[in-house]
Amino acid sequence: MIELKTPAEIEAMKPAGRFVGSILKELKEVTKVGTNLLEIDDIVRRRIESRKGAESCYVDYAPDFGTGPFRHYICTSVNDAVLHGVPYDYDLMDGDLVSLDLAVSVDGWCGDSAISFVVGNDPDPDDLRLIQCTEDALKAGIAAALPGNRLGDISAAIGEVAHEQGYSVNLEFGGHGIGRVMHADPHVANDGRAHHGYRLRPGLTIAIEPWFMKTTDEIYQDQKDGWTLRSADGSRGAHSEHTIAITEDGPQILTVRE
1 MIELKTPAEI
11 EAMKPAGRFV
21 GSILKELKEV
31 TKVGTNLLEI
41 DDIVRRRIES
51 RKGAESCYVD
61 YAPDFGTGPF
71 RHYICTSVND
81 AVLHGVPYDY
91 DLMDGDLVSL
101 DLAVSVDGWC
111 GDSAISFVVG
121 NDPDPDDLRL
131 IQCTEDALKA
141 GIAAALPGNR
151 LGDISAAIGE
161 VAHEQGYSVN
171 LEFGGHGIGR
181 VMHADPHVAN
191 DGRAHHGYRL
201 RPGLTIAIEP
211 WFMKTTDEIY
221 QDQKDGWTLR
231 SADGSRGAHS
241 EHTIAITEDG
251 PQILTVRE
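Read in order, the letters of the sequence shown correspond to residues 1 to 258 in full-length UniProt numbering.
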């Protein structure tokens, strides 16, 4: 069921969004060559534990697309891993493409956001182009999230950016409704038909999350951890995400990284 939030409830979601945004901003600044993925997870754990009313949306989360409960505080996907990456004992190397996906609740309201970046001083231009495409697609999707538009307008805007830049789109995973729980209706596909689907209304809060891979749209689940999704051909992936609210005045980004 799709739930619409009151203006007061949207205001109540903002602390969680700002908290998630601030953590991701910090992580991008401190994550360097040699940073261990478990260090990243520990930074997030300590930030959550130090914030009154904050709880991880990931620890003990056990949806049907994972294998058993998730045991970490953030998803860390590196290179050919694109979604749901499980932190493990790995020191990042020069040129690694890192995607960090974080969801936290504060006082019962959730915020969800993701960023991708390359560590080191000599990034592959193809990696930067892929990351930029996810960011461009995210901006296009947010711009289409206007009252009176359709859900398909968001999906079509995202897909158009991907296809124009030469990337194909996987439709197995995408954005989602968010509020008191991390994953709710509606599903927000990363490609679709404009002017189709649910009519967007003020009060709808969703996470929009374009993710693309360099040379494929096929993925497989890493059986070693039962969670990490990797590109079928070993090519790299990138992921960008914001939680937004649709209002009478247009979309508001709740997971700002100021």
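Quick reminder that beta carbons are idealized off the backbone N, C-alpha and C, glycines included.
Predicted model only: the values in this text are computed from it and were never measured.
Practice item. For Thr134, count neighbouring C-beta atoms within 10 Å of its own C-beta (all shown protein chains included) and say buried if the count is 16 or more, exposed if not. Key: Here the question's residue 134 lines up with position 134 in the sequence shown. With a threshold of 16 other beta carbon atoms within 10 Å, Thr134 meets it and is buried.
Practice item. Below 6 Å CB to CB, which residues in the same chain sit around Gly177 once its five sequence neighbours on both sides are set aside? Key: Taking the first residue of the sequence shown as position 1, residue 177 is located at position 177. Contacts found: Ala184, Asp185, Pro186, Ile206.
Check your understanding: Looking only at its own chain, which residues have a Cβ that is under 7 Å from the Cβ of Leu4, when we skip the five neighbours before and after it?
Key -> Indexing the sequence shown from 1 puts residue 4 at position 4. Counting only Cβ-Cβ distances below 7 Å, and skipping sequence neighbours, we find Arg201, Gly203, Leu204.
**Study point:** Residue from Ala144, Ser155, Gln132 whose Cα sits closest to the Cα of Thr247
**Key:** Taking the first residue of the sequence shown as position 1, residue 247 is located at position 247. Measuring from the Cα of Thr247, the nearest candidate turns out to be Ala144.
Check your understanding: When DSSP labels each residue in this structure, what does residue 309 get in the three-state scheme?
Key -> An answer regarding residue 309 cannot be provided, because it is not within the stretch 1 to 258 covered by the chain.
Exercise for review: Could you tell me the boundaries of the alpha helix (DSSP H) in which His163 lies?
Suggested key: In the sequence shown, residue 163 corresponds to position 163, counting from 1. That run of the alpha helix (DSSP H) goes 151-164.
**Study point:** Through-space distance from Met93 to Thr243, alpha-carbon basis
**Key:** In the sequence shown, the residue the question calls residue 243 occupies position 243. In the sequence shown, the residue the question calls residue 93 occupies position 93. Going from the Cα of Thr243 to the Cα of Met93 covers about 30 Å.
Review point. Are Asn190 and Gly159 touching if we call contact CB-CB under 8 Å?
Key: What you label residue 190 is simply residue 190 of the sequence shown in a count that begins at 1. What you label residue 159 is simply residue 159 of the sequence shown in a count that begins at 1. In contact: Asn190 and Gly159 (Cβ atoms closer than 8 Å).
**Study point:** Contact under 8 Å by Cβ, Ile40 with Leu27
**Key:** Locating residue 40 in the sequence shown gives position 40, counting from the first residue. Locating residue 27 in the sequence shown gives position 27, counting from the first residue. With respect to the 8 Å criterion, Ile40 and Leu27 are classified as neighbours on the basis of their beta carbons.
Exercise for review: Check Pro125 in the structure and name its three-state DSSP category.
Suggested key: The sequence position of residue 125 within the sequence shown is 125, counting from 1. DSSP places Pro125 in helix when its eight states are reduced to three.
Check your understanding: Shorter than 8 Å from the beta carbon of Pro15 to some beta carbon of chain B?
Key -> Absent here is chain B; the protein component of the structure consists of one chain.
Point to revise | DSSP state of Gln223 mapped onto helix, strand, coil | key: Against the sequence shown, residue 223 aligns to sequence position 223. Residue state, collapsed to three classes: coil.
Check your understanding: Since Ala81 is in the alpha helix (DSSP H), which residue starts that stretch and which ends it?
Key -> The residue given as residue 81 occupies position 81 in the sequence shown. Per DSSP, Ala81 lies in no alpha helix (DSSP H) segment; the continuous beta strand (DSSP E) that holds it begins and ends at 81-83.
Exercise for review: Inspect the beta-carbon positions of Tyr220 and Ile2 and report whether they are closer than 8 Å.
Suggested key: Here residue 220 refers to the residue found at position 220 when the sequence shown is read from its first residue. Here residue 2 refers to the residue found at position 2 when the sequence shown is read from its first residue. In this structure, Ile2 does not lie closer than 8 Å to Tyr220 by Cβ.
Review point. Quick one: Cα of Ala12 to Cα of Trp109, how far?
Key: Within the sequence shown, numbered from 1, the residue matching residue 12 stands at position 12. Within the sequence shown, numbered from 1, the residue matching residue 109 stands at position 109. In a straight line, the C-alpha of Ala12 is about 7 Å away from that of Trp109.
Review point. Apart from the five residues on each side of it in sequence, which residues of its chain come closer than 8 Å, Cβ to Cβ, to Ile131?
Key: Working through the sequence shown from its first residue, we reach residue 131 at position 131. Answer for Ile131: Leu97, Ser116, Phe117, Val118, Ala238, Ser240, listed in chain order.
Point to revise | Other residues of its chain near Gly85: CB distance less than 6 Å, five sequence neighbours each side excluded | key: Stepping through the sequence shown from its first residue, residue 85 is reached at position 85. Around Gly85: Cys75, Thr76, Ser77, Thr228.
**Study point:** Own chain residues within Cβ distance below 8 Å of Ala162, not counting five before or after
**Key:** One-based indexing of the sequence shown puts residue 162 at position 162. The residues are Cys133, Ala137, Ser168, Val169, Asn190, Asp191, Pro210, Phe212.
Exercise for review: Counting only the same chain and skipping the five closest in sequence on each side, list residues whose C-beta sits under 7 Å from that of Ser113.
Suggested key: Taking the sequence shown and counting its residues from 1, the one referred to as residue 113 is at position 113. Hits under 7 Å: Val20, Gly21, Leu24, Leu102, Glu241, His242, Thr243, Thr255.
Practice item. Determine the closest residue to Asp80 out of Asp249, Ser231, Pro251, Gln252, with distance taken between C-alpha atoms. Key: The residue given as residue 80 occupies position 80 in the sequence shown. Relative to the Cα of Asp80, the nearest Cα in the group Asp249, Ser231, Pro251, Gln252 belongs to Ser231.
**Study point:** Range of the contiguous beta strand (DSSP E) that encloses Ala207
**Key:** Position 207 of the sequence shown holds residue 207. Unbroken beta strand (DSSP E) run through Ala207: 205-208.
Point to revise | Minimum length 3: unbroken beta strand (DSSP E) runs contained in the stretch 16-68 | key: DSSP runs (the beta strand (DSSP E)) wholly in the stretch 16-68: 54-56.
Review point. Asp136 by DSSP, collapsed to three states: which one?
Key: Taking the sequence shown and counting its residues from 1, the one referred to as residue 136 is at position 136. The DSSP-derived three-state label of Asp136 is helix.
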